[in-house]
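The structure appears right after this line, and notes come after that.
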Amino acid sequence: MDYDRVRYLYLSNAVVFPWHEVEDTFKSPAAQLDLFQRTAGDPVSVSYPPPSEYLIKFLKTWIKKCGDFPVIDEVYEYLGDVMTKQSSDHGYRIYYFDDRKVILKETYAMCSKGTTGLRTWQAALYLTSWISSNSDIFHDKLVFLDI
Numbered sequence: 760m761d762y763d764r765v766r767y768l769y770l771s772n773a774v775v776f777p778w779h780e781v782e783d784t785f786k787s788p789a790a791q792l793d794l795f796q797r798t799a800g801d802p803v804s805v806s807y808p809p810p811s812e813y814l815i816k817f818l819k820t821w822i823k824k825c826g827d828f829p830v831i832d833e834v835y836e837y838l839g840d841v842m843t844k845q846s847s848d849h850g851y852r853i854y855y856f857d858d859r860k861v862i863l864k865e866t867y868a869m870c871s872k873g874t875t876g877l878r879t880w881q882a883a884l885y886l887t888s889w890i891s892s893n894s895d896i897f898h899d900k901l902v903f904l905d906i
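Here this note's numbering = 1-based position in the sequence shown + 759.
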């Protein structure tokens, strides 16, 4: 399983994306293109795009992380496309479970059609990110979360 792709598609916080694991990628245009095709340029991501705010933050962080290394044209072109499009009131979040994927269409309004809960809670994403970063605390333990 391609974990960079999985983490990108479930919209982990763009700033918290594991940039340190891919920092050598920015030294090579070919490696950058490979990472781009596994994240923002992934066919699933293109068919079911994440919110434009997420894409913009992800691509701007990419550019910043490149530092003195040149950024591939695909990143700038995609960022320009996203920034010039009308912002949508929805986007997609993709979760992978073994070899299956679940695609959720989420709305970004706090209330929609008289209800709430039409999106993944940001607090849940931060909690899962923290748990992933501190997995040793949960090793060999059974934990129930009621969110």
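For every residue, glycine included, the Cβ atom is placed at its ideal position computed from N, Cα and C.
Quantities reported herein were computed from a predicted structural model and do not represent experimental measurements.
Less than 8 Å between the CB atoms is what I'm expecting for residue i and residue j, so what's the real figure, rounded?
i: I815; j: M842; result: 6 Å
i: Y851; j: P809; result: 6 Å
i: A790; j: Y837; result: About 17 Å separates the two Cβ atoms, so there is no contact after all.
i: K844; j: W778; result: Actually they do not touch by this definition, with Cβ atoms about 25 Å apart.
With a threshold of 16 other CB atoms inside 10 Å of the CB of residue i, please say whether the residue is buried or exposed.
i: I831; result: buried
i: F785; result: buried
i: Y813; result: buried
i: L886; result: exposed
i: L794; result: buried
Quick check on this structure: which residue in the options has the alpha carbon closest to the alpha carbon of residue i?
i: F817; options: V834, D827, P802 and T887; result: V834
i: F776; options: S891, F828 and S806; result: S891
i: D827; options: E782, L794 and S811; result: E782
i: S806; options: L794, L863 and D857; result: L863
i: T866; options: P829, S811 and L794; result: S811
i: V861; options: L792, P788 and S804; result: S804
Extract the residue ranges of the alpha helix (DSSP H) inside the stretch 771-820, only unbroken runs of 4 or more that lie entirely within it. 788-797 and 802-806
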